[in-house]
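Below: the structure, in structure tokens.
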Amino acid sequence: MTDLSMTTDSQSQVTDGFHLVIDALRLNGIDTIFGLPGIPITDLTRKAQAAGMRVISFRHEQNAGNAAAIAGFMTQKPGICLTVSAPGFLNGLTALANATTNCFPMILISGSSEREIVDLQQGDYEEMDQLAIAKPLCKAAFRVLHAEDIGVGIARAIRAAVSGRPGGVYLDLPGKLFAQTLDAAAGKNSLIKVVDPAPRQIPAQDAVQRALELLKSAKRPLILLGKGAAYAQADADIRALVEKTGIPYLPMSMAKGLLPDTHEQSAAAARSYVLPGADVVMLIGARLNWLLSHGKGKTWGGKSHKDWGGQKFIQVDISPQEADSKVRIDAPVVGDIGSCVSALLAGIGANWPKPPAEWLNAIAERKDKNVAKMAETLAKDPKPMNFHSALAVVRDIVKANPDACLVNEGANALDFTRSIVDMYQPRKRLDVGTWGVMGIGMGFAVAAAVVSRQPVIAIEGDSAFGFSGMEVETICRYNLPVCVVVFNNNGVYRGTDVNPSGGPDVAPTVFVKGARYDKLMEAFGGSGVHATTPAELRKAMEGAIRSRKPTLINAVIDETAGTESGRITSLNPSAKKK
Ligand SMILES: Cc1ncc(C[n+]2csc(CCOP(=O)(O)OP(=O)(O)O)c2C)c(N)n1
Ligand SMILES: [Mg+2]
Numbered sequence: 000m001t002d003l004s005m006t007t008d009s010q011s012q013v014t015d016g017f018h019l020v021i022d023a024l025r026l027n028g029i030d031t032i033f034g035l036p037g038i039p040i041t042d043l044t045r046k047a048q049a050a051g052m053r054v055i056s057f058r059h060e061q062n063a064g065n066a067a068a069i070a071g072f073m074t075q076k077p078g079i080c081l082t083v084s085a086p087g088f089l090n091g092l093t094a095l096a097n098a099t100t101n102c103f104p105m106i107l108i109s110g111s112s113e114r115e116i117v118d119l120q121q122g123d124y125e126e127m128d129q130l131a132i133a134k135p136l137c138k139a140a141f142r143v144l145h146a147e148d149i150g151v152g153i154a155r156a157i158r159a160a161v162s163g164r165p166g167g168v169y170l171d172l173p174g175k176l177f178a179q180t181l182d183a184a185a186g187k188n189s190l191i192k193v194v195d196p197a198p199r200q201i202p203a204q205d206a207v208q209r210a211l212e213l214l215k216s217a218k219r220p221l222i223l224l225g226k227g228a229a230y231a232q233a234d235a236d237i238r239a240l241v242e243k244t245g246i247p248y249l250p251m252s253m254a255k256g257l258l259p260d261t262h263e264q265s266a267a268a269a270r271s272y273v274l275p276g277a278d279v280v281m282l283i284g285a286r287l288n289w290l291l292s293h294g295k296g297k298t299w300g301g302k303s304h305k306d307w308g309g310q311k312f313i314q315v316d317i318s319p320q321e322a323d324s325k326v327r328i329d330a331p332v333v334g335d336i337g338s339c340v341s342a343l344l345a346g347i348g349a350n351w352p353k354p355p356a357e358w359l360n361a362i363a364e365r366k367d368k369n370v371a372k373m374a375e376t377l378a379k380d381p382k383p384m385n386f387h388s389a390l391a392v393v394r395d396i397v398k399a400n401p402d403a404c405l406v407n408e409g410a411n412a413l414d415f416t417r418s419i420v421d422m423y424q425p426r427k428r429l430d431v432g433t434w435g436v437m438g439i440g441m442g443f444a445v446a447a448a449v450v451s452r453q454p455v456i457a458i459e460g461d462s463a464f465g466f467s468g469m470e471v472e473t474i475c476r477y478n479l480p481v482c483v484v485v486f487n488n489n490g491v492y493r494g495t496d497v498n499p500s501g502g503p504d505v506a507p508t509v510f511v512k513g514a515r516y517d518k519l520m521e522a523f524g525g526s527g528v529h530a531t532t533p534a535e536l537r538k539a540m541e542g543a544i545r546s547r548k549p550t551l552i553n554a555v556i557d558e559t560a561g562t563e564s565g566r567i568t569s570l571n572p573s574a575k576k577k
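Residue numbers (numbering that gives the first Met the number 0): 0 to 577.
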């Protein structure tokens, strides 16, 4: 329950902008701020901490923003990122845009400079028209000019972030606002405790019926679970829907673990068979974006890259505008995922016919073959260690610690981890999402540890890690149970490229060879381990989970083992002219 007491002490007759912001957040059950102090918000961080909020201070705003975004995904409450004006704001903006793209609810609260000077472009300290710049990159953007409007401003930001399709919201708080005073009682009255911030959206009954009829007609049905399904926290109903229909399913990356990846209906190990093979596909909180080849082309059995594969689609989504955005959707079901799934579940009743055995057997056959092939690869012990032999270890550790969150970024380090490491619980796999953005690693790891209080394992490409690596200090400072494993293959994709000109600079994809990322962690009092074999990696990971001590393992990976762009080589243009 939210503590309704105000930070303004009862004796004083006035409150101010600082206290009203804090009170408004607390009134709405927000207890954590991820940010980076400086003018004009330093005192806000201080006073928030004094009021009992958790204030997690980062080394770069982008990481604070990513932390806020993933906290939003994990909790359905908007994650708060707090930054200073212009440069701090811009540093946080990438995370805000990424959150919006991924439908993570977050609010970027940024201090800003004097409106009168900014608007006349007279050169204020950190002058920037932040509201205008944020607008196209988020779901909504607001500015509060008067202390008595802080309550409304925060309420609007919360509603915009979590209602409908969640996303990023920008809230601009000019420096002058914080010192404005208000009668304490009037201030308290001006705050709003948002009632029902993310109202359920019940799907129309005829839409549900249409979807069920189409699903029933299928000979080769498939369910696709997206990140939206994971976000919905409708885990039991989603599992019941999958199990009662008996339909094979594919989890998108961050939906892994919604049902355990070892579930017999998972078709993940037969993805390239089920996508072109299915005749009716039910998308639940999954968009037909590039990650699903836009629902057409060869991935789906189409003749060429833009051709429809012949599937009929049911799309369960909170946004009515999602349907038909890439291919025809025969049965859109619009509503919040929880309400839609429970309506579908009610509609299927007890005697839903299982899909034809021919389809299920064909999938099982492919799965078995692929799983056996993978087991063979994972059992090898090559020297040097490669992605597979290292990930065989990570797979065991995650299996033994299903409560742990798994943060993951990189190219090969991402793709191999996604396909090799099984997840067992919902919302435990946190990764690069819709954009495939590098740099989420340490921000996500910090937030995952703070929010879940469980151990966090971050599997990081050495390039990916570099984007947020300085936050190992943050991890040590807050003594978080984070085990970072840097898959060190000396570069982006591989460490083997050479400068084609023969000049002294190394190739653009290559880093310092044999770098010791473990020493970075040691610099701040954490534990650093240099691991060159699966046995060393296993021992170090087990030790990190057991001790809950901040740990960074420099896992040396064969520099020849990766492929360019990992699994998405086909999206990578390369010069035709040699
Ligand atoms: C912000 C951002 N910048 C650049 C990229 C392009 N990019 C994709 S993967 C990657 C790094 C891959 O190298 P690494 O993390 O070491 O993974 P590896 O394939 O070597 O395991 C880069 C730079 C990106 N996705 N996001
Ligand atoms: Mg690398």
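Ideal Cβ placement from N, Cα and C applies to all residues, glycine included.
Alpha helix (DSSP H) containing residue i: first to last residue?
| i | result |
| --- | --- |
| Gly87 | 85-101 |
| Asn62 | 60-74 |
| Glu212 | 204-215 |
| Val445 | 440-451 |
| Asp517 | 517-521 |
| Ile283 | Premise fails: Ile283 lies in the beta strand (DSSP E), 279-283, not in any alpha helix (DSSP H). |
| Gln129 | 129-133 |
So what does DSSP say about residue i, is it helix, strand or coil?
| i | result |
| --- | --- |
| Asn360 | helix |
| Glu147 | helix |
| Lys398 | helix |
| Leu405 | strand |
| Tyr230 | helix |
| Tyr272 | helix |
| Arg53 | strand |
| Thr568 | helix |
| Thr1 | Note that Thr1 scores 39 on pLDDT, short of 50, meaning its location in the model is unreliable; the coordinates nonetheless yield the value given after this. Thr1: coil per DSSP, three-state reduction. |
| Arg164 | coil |
| Gly561 | coil |
| Phe177 | helix |
| Asp22 | helix |
| Lys187 | helix |
| Met253 | helix |
| Leu258 | coil |
| Thr14 | strand |
| Val484 | strand |
| Arg545 | helix |
| Arg199 | coil |
| Lys305 | coil |
| Gly122 | coil |
| Glu321 | coil |
From the DSSP secondary-structure annotation, give me the bridge partner or partners of residue i.
| i | result |
| --- | --- |
| Leu172 | Gly110 |
| Ile419 | The partner list for Ile419 (beta bridge, DSSP) is empty, contrary to what the question assumes. |
| Thr82 | Ser109 |
| Asp316 | Val333 |
| Tyr530 | The displayed chain sequence assigns Ala, not Tyr, to residue 530. DSSP output for Ala530 lists Ala554 as bridge partner(s). |
| Gly490 | Val509 |
| Arg428 | Leu405 |
| Ser500 | According to DSSP, Ser500 bridges with nothing at all. |
| Ser33 | The question names Ser, but residue 33 is Phe in the sequence shown. Ile55, Cys80. |
| Ser265 | Tyr248 |
| Val326 | In the DSSP output, where bridge partners are listed per residue, Val326 has none listed. |
| Leu224 | Pro250, Ile283 |
| Lys311 | Val279 |
In its own chain, which residues sit with a C-beta less than 6 angstroms from the C-beta of residue i, not counting the 5 before and 5 after it?
| i | result |
| --- | --- |
| Asn62 | Met441, Gly442, Ser467, Glu470 |
| Ala560 | Asn385, Phe386 |
| Ala266 | Pro247, Leu249, Val273, Ile362 |
| Ala403 | Gln453, Pro454, Ile456 |
| Ala539 | Val528, Ala530, Ile552 |
Can you list, in chain order, the residues of its chain with a C-beta nearer than 7 angstroms to that of residue i? Leave out the 5 residues immediately preceding and following it.
| i | result |
| --- | --- |
| Asn498 | Asp504, Val505, Ala506 |
| Trp358 | Lys218, Arg219 |
| Val436 | Asn97 |
So residue i is in the beta strand (DSSP E); what residue range does that whole segment cover?
| i | result |
| --- | --- |
| Thr180 | 180-182 |
| Ala594 | What is shown of the chain runs 0 to 577, which leaves residue 594 out entirely. |
Got a sec: does ligand 3 put a non-hydrogen atom nearer than 8 angstroms to the Cβ of residue i?
| i | result |
| --- | --- |
| Tyr169 | This structure lacks ligand 3; its bound ligands are ligand 1 and ligand 2. |
Got a sec: is the Cβ-Cβ distance from residue i to anything in chain D below 9 angstroms?
| i | result |
| --- | --- |
| Gly348 | No chain D is part of this structure, which consists of one protein chain only. |
If I measure Cβ to Cβ from residue i and keep anything under 8 angstroms in the same chain, skipping five residues before and after, which residues do I get?
| i | result |
| --- | --- |
| Asp42 | Phe17, Phe177 |
* To do: Report the residue ranges of all alpha helix (DSSP H) runs contained in full by the region 341-395; include only those spanning at least 4 residues, in chain order.
  => Secondary structure in the region 341-395: the alpha helix (DSSP H) runs of 4 residues or longer, each lying completely within the stretch, are 356-378 in chain order.
* What are the complete alpha helix (DSSP H) segments, minimum 4 residues, inside the region 447-482? -> Secondary structure within the region 447-482: the alpha helix (DSSP H) runs of 4 or more consecutive residues, fully enclosed, are 461-465, 471-476 (chain order).
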